[in-house]
Amino acid sequence: MTKSLIGYSVLRGIIRCETALRIGGSRETLEIGGLDNPVIKHPITMMPYIPGSSLKGKMRSLLELKLGKIGKNGTPYNGKKDDGTEDTDCPVSRVFGPHQNPSHNFGPTRILVRDARLTPEWEEHFRKRREELGDSFLELKQETSVHREIGIAQHGTLRTNERVPAGTEFEFEIVVRNFDWFPNEAEENLKVVTEAMRLLEQDYLGGSGSRGYGKIVFDHVTLNGEPYALH
C-alpha cells in the first residue's frame, strides 16, 4: 500500500438541544450573587458554541465504553493490548488516534471535528436578547444540595448555572480523512463515526447529564452534500 490520502467524508448538519446544554467556560470576574458556572462563549461575539474538542471527546469516550477499550486508570485507550502489542483492529485508535502513543502504526488521526457555531437564526435571536438583557441573555438555573436527613436545602450550596436553552440549534461539521492504510477504510471510518453520533444522541453532551442537561439530536445530516440517515 502507498498509504496515501484518498479523500474526505464530510458530515454536516444541525445539533439541536432537546434539553438545556452546559459546556463550561471561565469566569472573568467574581461577584457577590453573580453567576457561578458560565457556559463557554466565543471571545469576540460572546455567543455560545460547542467546542470541537467537547464533541470529539464525548464521541470517543462513548465508543471506548461500548467496545471495552478503556485505558489504565480510566484514561483514553492508547491502542495497545494488555500484553503491550498493538491493537491493530481497534477502530477507536484508527479514527480518533491512540492516546499518548506516538510510536503507533495507525496512521494520521482520521476525524476532524470543527467547533459548532449557532445557526444564523439562533445567533440573531441571542444577539437581540443580549442587547436587551446584557450578559445574562442565556438561561440561568439555580440549583442546591438537599440535606439527606431533614430534606431541605443545605446552607451555602446554592449555585447558579448558565445554560443554553432547549431548542437552540448549532451548525456542525465533522470531516473524516480517508487513507488507503486499511481495506475499505472510507466505509469503515464512516461506520465508526456514525455509531459514535448515535451513541451521543442516547447519552448527553456537556455537563450535568444525570440531572437532565445535554440531550441533543443530529438533524438534517448530509454526507458530502447529500442527505444521510444516521439511523
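Sequential numbering from 120 applies to the sequence shown in this note's numbering.
Glycine included, C-beta positions come from ideal geometry on N, C-alpha and C.
This one's a predicted model, so the numbers in the text were calculated from it and none came from an experiment.
Do residue j and residue i come within 8 Å of each other at the CB atom, strictly closer than that value?
| i | j | result |
| --- | --- | --- |
| Gly325 | Ile142 | yes |
| Ile230 | Val214 | yes |
| His350 | Ile133 | no |
| Phe289 | Leu237 | yes |
| Pro167 | Val283 | yes |
| Arg131 | Phe291 | yes |
| Ala305 | Gly126 | yes |
| Asn156 | Asn343 | no |
| Trp300 | Lys122 | yes |
My output table needs one value for residue i: the three-state DSSP class, helix, strand or coil.
| i | result |
| --- | --- |
| Phe215 | helix |
| Pro210 | helix |
| Phe256 | coil |
| His350 | coil |
| Lys334 | coil |
| Glu137 | coil |
| Pro239 | helix |
| Asn156 | strand |
| Ser172 | helix |
| Thr148 | Residue placement at Thr148 cannot be trusted, given a pLDDT of 40 that sits under 50; the coordinates are not used to answer. |
| Gly325 | coil |
| Gly143 | strand |
| Thr341 | strand |
| Ser123 | coil |
| Asn192 | helix |
According to DSSP, what are the bridge partners of residue i?
| i | result |
| --- | --- |
| Asn308 | In DSSP, Asn308 forms no bridge with anything. |
| Lys185 | Lys185 pairs with nothing; no bridge assigned. |
| Arg179 | None; Arg179 has no bridge partner. |
| Phe245 | None; Phe245 has no bridge partner. |
| Leu231 | Val294 |
| Gly132 | Phe291 |
| Pro167 | Lys160 |
Below 7 Å, is the gap between the Cβ of residue i and the nearest heavy atom of the ligand SAM?
| i | result |
| --- | --- |
| Val295 | Annotation note on the ligand SAM: not contained in the displayed structure, which lists no ligands. |
Using C-beta distances below 7 Å, list every residue in its chain close to residue i, excluding the 5 sequence neighbours before and after it, in chain order.
| i | result |
| --- | --- |
| Leu309 | Ser128 and Val295 |
| Tyr323 | Tyr332, Gly333 and Lys334 |
| Thr228 | Phe215 and Gly216 |
Between residue i and the rest of its own chain, which residues show a CB-CB distance below 6 Å, the 5 nearest in sequence each way excluded?
| i | result |
| --- | --- |
| Leu174 | Val232 |
| Leu182 | Val211 and Ala315 |
| Met178 | Ala315 and Leu319 |
| Ile169 | Ala235 and Phe289 |
| Gly171 | Val232, Arg233 and Asp234 |
Thinking residue i and residue j are a contact (beta carbons under 8 Å), I'd like their distance in whole angstroms, please.
| i | j | result |
| --- | --- | --- |
| Ala285 | Thr138 | 5 Å |
| Leu140 | Gly333 | 5 Å |
| Arg135 | Ile293 | With 8 Å as the limit, Arg135 and Ile293 do not qualify as a contact, their Cβ atoms being about 16 Å apart. |
Is any beta-carbon of chain B found at less than 8 Å from that of residue i?
| i | result |
| --- | --- |
| Thr313 | The structure shown contains no chain B; it is built from a single protein chain. |
Ordered along the chain, which non-local residues of its own chain (more than five positions away) have a Cβ less than 8 Å from that of residue i?
| i | result |
| --- | --- |
| Thr313 | Leu349 |
| Val311 | Leu182, Pro210, Val211, Arg213 and Val214 |
| Arg249 | Met165 and Phe256 |
| Lys160 | Gly144, Met166, Pro167 and Tyr168 |
| Val158 | Leu140, Arg141, Ile142, Gly143, Gly144, Pro167, Leu257, Glu281, Arg282 and Val283 |
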